[in-house]
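Enquirer: Take a look at the following structure, please.
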Amino acid sequence: MELNCEETVQDGISRAPEKQPFNWMQEEFISELTSMWLYLEFAFAVPKQVYEITYFGQKKDLHRQLLCHAIHEMRHAEMLARIMLKWGGKPKWQLSRLPQAESYRDFLNAAMSNEARNLESYQLRDTEVGDHELKVLLANLLREDNAHLQVDQAIQQVLTAQGVIDGPLPPPRGNGQFGEDIKKLEQAAWLEIKSISRLIYASLLLGMDQSIAPRARALAIEDMQHLNRIAQEITTTGGRLTIPGEVLELEESDDFAKLLQDVIGLKNDKVRTYKESKPQFNVPGGGQLLGTLLAKEEENIVDLEAYLQSLKQYPLTVH
Ligand SMILES: [Fe+2]
Ligand SMILES: [Fe+2]
Ligand SMILES: [Fe+2]
Numbered sequence: 035m036e037l038n039c040e041e042t043v044q045d046g047i048s049r050a051p052e053k054q055p056f057n058w059m060q061e062e063f064i065s066e067l068t069s070m071w072l073y074l075e076f077a078f079a080v081p082k083q084v085y086e087i088t089y090f091g092q093k094k095d096l097h098r099q100l101l102c103h104a105i106h107e108m109r110h111a112e113m114l115a116r117i118m119l120k121w122g123g124k125p126k127w128q129l130s131r132l133p134q135a136e137s138y139r140d141f142l143n144a145a146m147s148n149e150a151r152n153l154e155s156y157q158l159r160d161t162e163v164g165d166h167e168l169k170v171l172l173a174n175l176l177r178e179d180n181a182h183l184q185v186d187q188a189i190q191q192v193l194t195a196q197g198v199i200d201g202p203l204p205p206p207r208g209n210g211q212f213g214e215d216i217k218k219l220e221q222a223a224w225l226e227i228k229s230i231s232r233l234i235y236a237s238l239l240l241g242m243d244q245s246i247a248p249r250a251r252a253l254a255i256e257d258m259q260h261l262n263r264i265a266q267e268i269t270t271t272g273g274r275l276t277i278p279g280e281v282l283e284l285e286e287s288d289d290f291a292k293l294l295q296d297v298i299g300l301k302n303d304k305v306r307t308y309k310e311s312k313p314q315f316n317v318p319g320g321g322q323l324l325g326t327l328l329a330k331e332e333e334n335i336v337d338l339e340a341y342l343q344s345l346k347q348y349p350l351t352v353h
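For the sequence shown, the working numbering assigns the number 35 to the initial residue and increments by one for each residue that follows.
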């Protein structure tokens, strides 16, 4: 029988199965990122220090717990992407609209069905893959997403017992009284979301690079904290932060210098919008918050410009 040299390498190991992991890893990468944004949007719908769940005998604030889930999901996406990059693939950022949620039950159903879907896929893949690094990753993804599912069930019980699981959530723009304030905060939040996505993606494309990737990731986490503060201010003002699909989109690029450049552009936009809208708030808290974030953004722009400068001086390639 003739060997097909495109499919077979000299040691006789078929190369074809290696193409397969990229497809499902790409799907899982997107699924994990979707879970991350979904948990964030859920967290934004839950006021701080109102609901408590018990986990391993410890009391946890529900709002905080949901933020923790989101960070775990970000890490899951990153770990999958790193293996893809290591094997010569490139994760694609193909996020679409999040499931619509009108109640806590809707959020929980969406989150739990995503977890269940991931668990099923990881179980299946575990039987198919031979690579040790990927097997260790799958074992840990299974354990952590299973823990999320358990916690989600505990959350469901708490919210049911409190009688709020089906209750309507605050309308995104509130009852209209402070709609203009909420609109400004929403604009600020969307700029944060865009810069979080780009910073995560830039840090992923830099692969195992240790000179900039960890810094980009740290800045993504910092913007996530800003986002949470803005979302909390929207809650205080009577509204609720929702994340439209188009805000999650990102133009595919191999060029992380361009991604960093985009983040600098977004941060400059933030500084301009924050400065313009700060004095126009009816509820002073919103303006004060944007003032605090403004100073942080100005500092981060200086850092990012320095990273960009160093990349121009010593160009890196995608790993
Ligand atoms: Fe996950
Ligand atoms: Fe999960
Ligand atoms: Fe920020």
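Positions of the beta carbon are idealized from the N, C-alpha and C atoms, including for glycine.
Taking 7 Å as the limit, tell me which residues put their C-beta closer than that to any heavy atom of ligand 2, in chain order.
Expert: Going along the chain, the residues that qualify are Ser69, His103, His106, Glu107, His110, Glu149, Asn152, Glu178, Asp179, His182.
Enquirer: Are there three or more Cβ pairs, one per stretch, closer than 8 Å when the stretch 168-186 is compared with the stretch 112-131?
Expert: Counting Cβ pairs under 8 Å, three or more are found: they touch.
Enquirer: Scan the stretch 273-320 and note each continuous alpha helix (DSSP H) run of 4 residues or more that stays entirely inside, going in chain order.
Expert: The stretch 273-320 contains these whole alpha helix (DSSP H) runs: 279-282, 290-311.
Enquirer: Kindly list the residues whose CB is nearer than 6 Å to the CB of Gln83, restricted to its own chain and excluding five residues on each side of it in sequence; keep chain order.
Expert: So the qualifying residues of the chain are Asp95.
Enquirer: How would you label Gln343, buried or exposed, when you count the other beta carbons within 10 angstroms and need 16 or more for buried?
Expert: Exposed, because fewer than 16 other Cβ atoms sit within 10 Å of the Cβ of Gln343.
Enquirer: Is the beta carbon of Glu331 within less than 7 Å of some heavy atom of ligand 3?
Expert: Checking every heavy atom of ligand 3 against the Cβ of Glu331, one is found closer than 7 Å.
Enquirer: Between the alpha carbons of Glu285 and Gly197, how many angstroms are there, rounded?
Expert: C-alpha separation (whole angstroms): 42 Å.
Enquirer: Check the C-beta distance from Leu132 over to Gly279 and give it rounded, since I have them as a contact under 8 Å.
Expert: That belief holds up - the Cβ atoms of Leu132 and Gly279 are roughly 7 Å apart, short of 8 Å.
Enquirer: Do you know how far the Cα of Pro55 is from the Cα of Gln44?
Expert: Per-residue confidence for Gln44 stands at a pLDDT of 37, beneath the threshold of 50, marking its modelled position as unreliable; the derived number appears in the next sentence. Going from the Cα of Gln44 to the Cα of Pro55 covers about 21 Å.
Enquirer: If we count the other Cβ atoms within 10 Å of its Cβ and call it buried at 16 or more, is Pro202 buried or exposed?
Expert: Flag for Pro202 reads exposed.
Enquirer: What I want to know is whether the C-beta of Glu226 ends up closer than 7 Å to one or more non-hydrogen atoms of ligand 3.
Expert: Result yes, Cβ under 7 Å from ligand 3.
Enquirer: On a Cα-Cα basis, can you pick out the residue from Gly319, Leu323, Asn334, Met59 that is closest to Tyr156?
Expert: Comparing Cα positions, the closest option is Met59.
Enquirer: On the criterion of 16 or more Cβ atoms from any shown chain inside 10 Å, does Lys346 qualify as buried, or is it exposed?
Expert: Result: exposed.
Enquirer: Candidates Gln322, Ile189, Ile234, Met258: which alpha carbon is nearest Ser248's?
Expert: The residue asked about is misnamed: residue 248 is Pro in this sequence, not Ser. Of the listed residues, the one whose Cα sits closest to Pro248 is Ile234.
Enquirer: Tell me whether His260 counts as near ligand 4, meaning its Cβ is closer than 7 Å to at least one heavy atom of that ligand.
Expert: Of the ligands one can find in the structure shown, namely ligand 1, ligand 2 and ligand 3, none is ligand 4.
Enquirer: Nearest-angstrom Cα distance between Ser48 and Ala340?
Expert: Reliability of the predicted coordinates at Ser48 is poor, the pLDDT of 38 falling under 50, and no value is obtained from them.
Enquirer: Counting only the same chain and skipping the five closest in sequence on each side, list residues whose C-beta sits under 7 Å from that of Ile189.
Expert: These residues qualify, in order along the chain: Ile87, Leu96, Leu142.
Enquirer: What does the alpha-carbon distance come out to for the pair Pro51 and Val163?
Expert: At Pro51, the pLDDT of 46 sits below 50, so the modelled position is not reliable and the matter cannot be decided from this model.
Enquirer: Nearer than 7 Å: is that true of the beta carbon of Leu327 relative to any heavy atom of ligand 3?
Expert: Yes - ligand 3 has a heavy atom lying nearer than 7 Å to the Cβ of Leu327.
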